[in-house]
Amino acid sequence: MKICKTAQVQLTEQKDKLVGTVERYVNAMNYISRYAKKYKLYSKNRLQKHIYYDLRERFGLKSQMTINAIGDVASAYKGKHKKNKTRNKPVLFKAQSMRLNYPRDYSFKDGDIVSINSLYARLKIPYKIGKHQQAYFNSNEWDIKSAILTIRYDGIVFLNIAIEQEIEETSFLN
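Numbering (our numbering), first residue to last: 174 to 347.
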């Protein structure tokens, strides 16, 4: 059985570059969503085949960001269809956030530095977290997974990192 937790890391430097990257990513997702709805393409593979190069050129996204944006839109439509919501409007993405895959889109460096892929370059940003959360990153028992880079309504930037640990199942009965 797996335990999943989220470690929230506040990023205080290079906010402008992070905000610019997230805004362009969300704009790209809305473009993909309109395209998907118009042409009734909801599968990640079909969308990628039709729109990948146009997205790269139109929004200037890096390759992995483009793939993630297409995947996020395809997942949103998959969830929408499972719930039998058949609206005529495309899914609209409002949240200022983007998914990052570990270690391709972000990784940790020595000295409390996180390296994040952005539109501009790979940004190396210092971070501070509490001792309790730091224990997750220092332990070999926890696996670092994907993260969500989020711009809060007040402009504060957070990296919400998913971490997992495999544990033995125990029975409470017996």
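We put the CB at the ideal spot given by N, CA and C, even for glycine.
Proximity winner among the options, relative to residue i (alpha-carbon distances)
| i | options | result |
| --- | --- | --- |
| residue 206 | 314, 188, 250 | 250 |
| residue 195 | 272, 226, 174, 183 | 272 |
| residue 303 | 182, 178, 177 | 182 |
| residue 326 | 288, 229, 268 | 268 |
| residue 264 | 341, 211, 324, 241 | 211 |
| residue 338 | 233, 321, 309, 230 | 309 |
| residue 290 | 227, 342, 328, 236 | 236 |
| residue 231 | 204, 274, 344 | 204 |
| residue 278 | 219, 241, 201, 175 | 241 |
| residue 274 | 245, 220, 193 | 245 |
| residue 328 | 187, 175, 174 | 187 |
| residue 316 | 281, 201, 217, 229 | 281 |
For residue i, the three-state DSSP class (helix, strand or coil)
| i | result |
| --- | --- |
| residue 344 | coil |
| residue 300 | strand |
| residue 234 | coil |
| residue 289 | strand |
| residue 326 | coil |
| residue 206 | helix |
| residue 333 | strand |
| residue 220 | helix |
| residue 192 | helix |
| residue 248 | helix |
| residue 201 | helix |
Presumed contact (8 Å Cβ cut-off) between residue i and residue j, rounded CB distance
| i | j | result |
| --- | --- | --- |
| residue 301 | residue 286 | Between residue 286 and residue 301 the Cβ distance is about 11 Å, and since that is not below 8 Å, they are no contact. |
| residue 233 | residue 292 | 6 Å |
Three CB pairs or more closer than 8 Å across the stretch 238 to 253 and the stretch 176 to 191
no
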